[in-house]
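Residue numbering for the sequence shown is 2 to 63, as defined by the numbering used here. Note that beta-carbon positions come from the ideal geometry of N, C-alpha and C, so glycine has one too. Since the structure is predicted, the reported quantities are computational estimates derived from the model, not experimental observations. Reading through the structure tokens given below for one structure.
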Amino acid sequence: MANWLTNYFKESYEELKKVSWPTRKDTVRDTLVVIGVSLAVALFLGLLDIGLAFGLEKLIQR
């Protein structure tokens, strides 16, 4: 049983050495893009929610 497990970890380690990991600069840039897009979507959805709530409230008060 230990043989296949040892083999699995050896093969996994060999595959991880083949991975083309991003540079620190790429990682920081991509992280900032994700944060920026997330904030933009959150702002858009928040404003949409406020607008729809206001519109619905005015419609109900008619």
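Range of the contiguous alpha helix (DSSP H) that encloses residue i
i	result
T32	R25 to Q62
S13	A3 to K19
Any chain D beta carbon closer than 9 Å to residue i
i	result
L17	Structure shown: chain D not included; a single protein chain is present.
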